[in-house]
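*Asks:*
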Amino acid sequence: MAREKATERPPRLVLVVGVAGSGKSTVGRLLADRLGWTYQDADAFHSEADRARMAAGHALTESEREPWLEAVGKWMDRATAAGRRAVVACSALRREYRDRLLAGRPEAVLVYLHGSRELLESRLGARRGHFFPADLLDTQLAVLQEPGPDEHPLVVEIDQSPEAVVTAVLSLMHRESAVGVPAAAADTDRAAPAVARDGPAEPPGPTGESWRLVHGGQSAVVVQLGGALRDYVVHGRPLLDAFPAGSAITGGRGQLLIPWPNRVGDGRYDFGGRSLQLPLTEVERNNAIHGLLRWTLWKPLARTEDALTLGTTLCPQPGYPFLVEIRVEYRLGREGLSTTVHATNTGTEPAPYGVGQHPYLTVGTELVDSALLTVPARYLLRTDERGLPIGREPVDGTPYDFRTARPIGGLRLDTAFTGLDRAPDGRAVVRLAHPSGLRGVDLWLGEGTRYVQVYTGDTLAEPERRRRGVAVEAMSCPPDAFRSGTDLTLLEPGATHVLRWGLSPWGPP
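Below you can see the structure in the form of structure tokens.
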């Protein structure tokens, strides 16, 4: 039986399900604490006789589970009748069990904790004093029917700390009034949570696994390598000059640039009384370019039909002896695609930090020359032959003044802009429009964005890709910030930096 989507009212119940060892009790308690709700573990409704059977290694029969499920359901009804919001942890391995617990309770949210067999076995093997023996894991996995898309589950991977699992769950509970997530993370027009548990959208290739997000006529593809945004299509119209499935990433397409965007001259900088040397990844110019995470495989932390959160750890290494946890969320909604990058210093000393991302926009023209560009910036950074800033100057009177929409023409752009003019909502908008002026895409720059780099791809290694798209790169700091210190973030231990940007299509399909 397909379950109806949750109503537009805030949820009153959260049902956390998973096999033994998935951490549902720990996650349930932490989630209830974070929400300020009542918590109940379904194990409390097992009779002493049932506990003894399981402790002896015997799985319960269907008739033995019947009174247990009935007791859990009655408790849920009593809680809601009393006006309490509650989190309930329950294995509910079979579809019929979940249907029974959720039928007639449209304001309930289903959370499924997913983990590999190896991880579950290791957790159960380390558990002491619990009535459920590790030997019954095989029985549970044999019985398990993973929630399908028509159950609208929130699916969270468990190969992370319980606190991180709870954070992922909260980020997926999109109704702000119920869970208190920041307004920028909420999308009140978003469909009720849904997810497919049939693995990645495509087989792993040079960029690892990939995941396709869908919302109405929109689709986006994110890859595991570097957490990069591979593609974004709206009503069949590509808005990114993307890299195809099965191919390597070139030109930085869609990549996250962490812990610095653009370049660090000579790869050498001074910080905290030390002189540090980064690997030179732009050898021909003797620069370190675009950070340290472009070729790292990121882990999926949470996903629904229209949203995905990936995470990785930036470990101490030569040239960057700091410990930073990173996660990125991609979300499709009414306005388009939004991207949020969180970086938390989990080390014991301050860390220098910057962030950017490198999508190439297209409006369907063969070359970018005829496309109309708008950049709401009052200043540009002049650079030397190595691409390093040598000064800031007003755009007034220069060929780089795009505050009013005009064709790019033959202008070669590899230019950082700042002094961004923002709307009342705090966003600055870079617009790329079709020559007709009737359709296009806006790249908005939100929290944490102080600069934007615009690049027409004239120096790409592949001649056939040059000037096919315009890279519009949201950046928290300018090029060479590790050496200059200009707008560089000093990330204190325990502190978090947030960068938000997104894509909004406009005009007829």
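Residue numbers in the sequence shown follow our numbering, run continuously in steps of one, and reach 589 at the last position. For every residue, glycine included, the Cβ atom is placed at its ideal position computed from N, Cα and C.
Would you mind working out which of ARG548, PRO229, GLN220 sits nearest VAL443, comparing C-alpha positions?
*Replies:* Nearest option by C-alpha distance: ARG548.
*Asks:* Comparing alpha-carbon positions, which option in THR424, ALA382, LEU417 lies nearest PHE402?
*Replies:* It is THR424.
*Asks:* Please classify LEU95: does DSSP put it in a helix, a strand, or coil?
*Replies:* LEU95 falls in the strand class under three-state DSSP.
*Asks:* What does ASP567 pair with, by DSSP beta-bridge criteria?
*Replies:* ASP567 pairs with nothing; no bridge assigned.
*Asks:* Report back the beta-carbon spacing between LEU309 and PRO439 to the nearest angstrom; my notes put them in contact at under 8 angstroms.
*Replies:* The pair is a contact, with the Cβ atoms about 6 angstroms apart (cut-off 8 angstroms).
*Asks:* Hey, GLY590 and LEU234 are a contact pair by Cβ (cut 8 angstroms); roughly how many whole angstroms apart?
*Replies:* Residue coverage of the chain in this structure runs from 81 to 589, which leaves residue 590 outside it and unanswerable.
*Asks:* Taking the continuous alpha helix (DSSP H) assigned at TYR349, which residues delimit it?
*Replies:* That residue, TYR349, is in no alpha helix (DSSP H); its beta strand (DSSP E) goes 348-351.
*Asks:* Strictly by DSSP, which residues pair up with PRO432?
*Replies:* DSSP lists LEU570 as partners of PRO432.
*Asks:* In whole angstroms, give me the CA-to-CA distance for ARG507 and LEU525.
*Replies:* Each residue's Cα considered, the two are about 5 angstroms apart.
*Asks:* Which same chain residues end up closer than 7 angstroms to GLY345 when comparing Cβ atoms and leaving out the 5 residues on each side of it in sequence?
*Replies:* Closer than 7 angstroms at the Cβ level, and outside the excluded window around GLY345, lie ASN367, ARG466, LEU468, ASP560, ARG563.
*Asks:* Write down every uninterrupted run of the alpha helix (DSSP H) in the region 494-545 whose length is 4 residues or greater and which is fully enclosed by it, in chain order.
*Replies:* Here no run is fully enclosed.
*Asks:* In angstroms with no decimal places, state the Cα-to-Cα distance between THR118 and ARG164.
*Replies:* THR118 and ARG164: Cα-Cα distance of roughly 7 angstroms.
*Asks:* Note down, one range per segment and in chain order, each beta strand (DSSP E) of at least 3 residues found wholly within the region 457-486.
*Replies:* List check, beta strand (DSSP E) in window: 457-463, 469-474.
*Asks:* For SER251 versus THR389, is the C-beta spacing smaller than 8 angstroms?
*Replies:* Yes, the Cβ-Cβ distance between SER251 and THR389 is below 8 angstroms.
*Asks:* Buried or exposed: where does SER257 fall if 16 or more other Cβ atoms within 10 Å of its Cβ makes it buried?
*Replies:* The predicted model places SER257 with a pLDDT of 34, which falls under 50 and marks its position as unreliable; any figure quoted below should be read in that light. Exposed, since its Cβ has fewer than 16 Cβ neighbours within 10 Å.
*Asks:* Rounded C-beta distance between GLY101 and ASP121? I'm assuming under 8 angstroms.
*Replies:* With a Cβ gap of about 15 angstroms, GLY101 and ASP121 do not count as contacting.
*Asks:* Looking only at its chain, what residues have a beta carbon closer than 8 angstroms to the beta carbon of ASP464, apart from the 5 residues adjacent to it on each side?
*Replies:* Result list for ASP464: ILE470, in chain order.
*Asks:* Going along the chain, which residues of its own chain have a beta-carbon closer than 7 angstroms to the beta-carbon of SER450, five neighbours each way excluded?
*Replies:* Contacts found: PRO487, PRO515.
*Asks:* For PRO585, list the residues DSSP reports as bridge partners.
*Replies:* VAL521, per the DSSP bridge assignment.
*Asks:* Which ranges does the beta strand (DSSP E) cover as unbroken runs of at least 3 residues, wholly within the region 399-449, from first to last along the chain?
*Replies:* Those beta strand (DSSP E) runs which fall completely within the region 399-449 and span 3+ residues are 404-413, 416-425, 431-433, 436-438.
*Asks:* For LEU412, does the count of other Cβ atoms within 10 angstroms reach 16, so buried, or fall short, so exposed?
*Replies:* Classification for LEU412: buried.
*Asks:* List the residues that DSSP assigns as beta-bridge partners of GLY371.
*Replies:* Looking at the DSSP assignment, GLY371 forms a beta bridge with ILE338.
*Asks:* Looking only at C-alpha atoms, which of PHE125, GLY195, TRP148 sits nearest to ALA382?
*Replies:* Checked all of PHE125, GLY195, TRP148; the closest Cα to ALA382 is GLY195.
*Asks:* Hey, LEU93 and VAL168: beta-carbon distance below 8 angstroms or not?
*Replies:* Cβ atoms of LEU93 and VAL168: closer than 8 angstroms.
*Asks:* Under 8 angstroms between the Cβ atoms of LEU571 and VAL404?
*Replies:* Cβ atoms of LEU571 and VAL404: closer than 8 angstroms.
*Asks:* Are there 16 or more other CB atoms within 10 angstroms of the CB of HIS315, so buried, or fewer, so exposed?
*Replies:* The residue in question, HIS315, is exposed, as its Cβ has fewer than 16 Cβ neighbours within 10 Å.
*Asks:* For GLY296, which of GLU150, PHE482, LEU417 has the nearest alpha-carbon?
*Replies:* Out of GLU150, PHE482, LEU417, LEU417 has the C-alpha closest to the C-alpha of GLY296.
*Asks:* Taking ALA387 as the reference, give the member of VAL249, THR287, ARG462 with the closest Cα.
*Replies:* Cα-wise, what sits closest to ALA387 is VAL249.
*Asks:* In terms of alpha-carbon separation, which member of VAL408, LEU453, THR484, THR536 lies closest to TRP581?
*Replies:* Measuring from the Cα of TRP581, the nearest candidate turns out to be VAL408.
*Asks:* Within 10 Å of its beta-carbon, does GLY537 have 16 or more other beta-carbons around it, so buried, or fewer, so exposed?
*Replies:* When all chains shown are included, GLY537 counts as buried.
*Asks:* Identify, in the order they occur along the chain, each residue of the same chain with its Cβ nearer than 8 angstroms to the Cβ of ALA575, setting aside the five sequence neighbours on each side.
*Replies:* Result list for ALA575: THR424, ASN425, in chain order.
*Asks:* According to DSSP, is ALA169 helix, strand or coil?
*Replies:* Correct three-state label for ALA169: strand.
*Asks:* Can you tell which of VAL246, GLY436, ASP311, PRO380 has the C-alpha that lies nearest to the C-alpha of PRO591?
*Replies:* Outside the shown range of the chain (81 to 589) lies residue 591, about which nothing can therefore be said.
*Asks:* By how many angstroms is the C-alpha of THR569 removed from the C-alpha of PRO430?
*Replies:* Distance between the alpha carbons of PRO430 and THR569: 10 angstroms.
*Asks:* Does the beta-carbon of PRO589 have 16 or more other beta-carbons within 10 angstroms, so that it is buried, or is it exposed?
*Replies:* That one is exposed.
*Asks:* Would you mind stating whether ARG521 and PRO479 have Cβ atoms separated by less than 8 angstroms?
*Replies:* Arg is not the amino acid found at residue 521; the sequence shown has Val there. No, the Cβ-Cβ distance between VAL521 and PRO479 is not below 8 angstroms.
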